[in-house]
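Residue numbers (the numbering used here): -9 to 204.
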């Protein structure tokens, strides 16, 4: 009888031990799964960088740059061809100051080349959804390899004024520009009346401008 009791007790003990071991194994398995699916503390959430839209054309405190080419004729015997690079800053809505650096070729009795620096003020006084009409005026300094006009001097002033228009092209803020200007060249009598023949020309130009850092 005691032998049977002892066998029963041994069987119960082994079953209990195996049950406890299985429970331990299950707890270990659960802990492993929990550790695997636990979010990483140092994992930063993904972010989407939104591109800021361009400021509307003519917004105050914005910049543009432009390149344009032109030709001018004095309705007599002389003409010039030019290429300009321009930086435009809107100091107020639709009103800008333009700094320009130009290269000129003068077709006259004594052909020559020159470099011109201008400061122009421009007002876009008419404005649609994708176009503007503007007036601009200003003056600059001109240095040439030979006298301009003929019998003049190689250092002159370049007052000018005119009307122009812009029209938007594409979605990147680019604008075609074109216009007409009265373009004057003289040394303002700095070398005397006899050394200041002066020249008045009508200049037409066409170019393109782009937003700059807006």
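Ideal placement from N, C-alpha and C gives every residue a C-beta, glycine not left out.
**Message:** Please report the distance separating the alpha-carbon of residue 172 from that of residue 76.
**Reply:** If you number the chain shown from 1, residue 172 lands on position 182. If you number the chain shown from 1, residue 76 lands on position 86. Taking the straight line joining both Cα atoms gives about 18 Å.
**Prompt:** What do you reckon, are the CB atoms on residue 54 and residue 202 nearer than 8 Å?
**Reply:** Here residue 54 refers to the residue found at position 64 of the chain shown. Here residue 202 refers to the residue found at position 212 of the chain shown. Yes. Within cutoff.
**Request:** Could you round the C-beta distance between residue 95 and residue 195 to whole angstroms and report it? I think they count as a contact, below 8 Å.
**Result:** By 1-based counting over the chain shown, the position of residue 95 is 105. By 1-based counting over the chain shown, the position of residue 195 is 205. Actually they do not touch by this definition, with Cβ atoms about 14 Å apart.
**Message:** Taking the alpha-carbon of residue 176 as reference, which of 166, 190, 168, 163 has the nearest alpha-carbon?
**Reply:** As a first step, residue 176 must be located in the chain shown, where it is residue number 186. Proximity to residue 176 across 166, 190, 168, 163 peaks at 190, based on C-alpha coordinates.
**Same chain, Cβ closer than 6 Å to residue 64, five either side skipped, listed in chain order** = Here the question's residue 64 lines up with position 74 in the chain shown. Cβ neighbours of residue 64 beyond the five flanking positions: 189, 191.
**Request:** Please report the residue range of the beta strand (DSSP E) in which residue 104 lies.
**Result:** Numbered from 1 along the chain shown, position 114 holds the residue referred to as residue 104. 102 to 117 is the extent of the beta strand (DSSP E) around residue 104.
**Item:** Residue closest to residue 92, alpha-carbon to alpha-carbon, out of 49, 121, 140, 103
**Value:** By 1-based counting over the chain shown, the position of residue 92 is 102. It is 103.
**Item:** residue 108 burial status per 10 Å Cβ neighbour count (16 or more: buried)
**Value:** As a working note, residue 108 is residue 118 in the chain shown. Looking at its Cβ environment, which holds 16 or more other Cβ atoms inside 10 Å, residue 108 is buried.
**Message:** On the CB-based measure, 16 or more other CB atoms within 10 Å of its CB, does residue 179 come out buried or exposed?
**Reply:** The residue given as residue 179 occupies position 189 in the chain shown. Residue 179 is exposed by the Cβ-count criterion.
**Asked** Mind checking whether residue 128 and residue 115 have CB atoms under 8 Å apart?
**Response** For the purposes of this step, residue 128 is identified with residue 138 of the chain shown, where counting begins at 1. For the purposes of this step, residue 115 is identified with residue 125 of the chain shown, where counting begins at 1. Cβ distance not < 8 Å, so residue 128 and residue 115 don't count as in contact.
**Request:** Check residue 150 in the structure and name its three-state DSSP category.
**Result:** Start at 1 with the first residue of the chain shown, and residue 150 comes out as number 160. Strand at residue 150.
**Request:** Please report the residue range of the beta strand (DSSP E) in which residue 183 lies.
**Result:** Residue mapping note: residue 183 aligns to position 193 of the chain shown, counting from 1. Segment: none, residue 183 is in no beta strand (DSSP E) and carries neither H nor E.
**Prompt:** To which residues of the same chain is residue 165 closer than 6 Å at the C-beta, ignoring the five residues directly before and after it?
**Reply:** Against the chain shown, residue 165 aligns to sequence position 175. Excluding residues within five positions, the ones whose Cβ falls inside 6 Å are 156, 158, 199.
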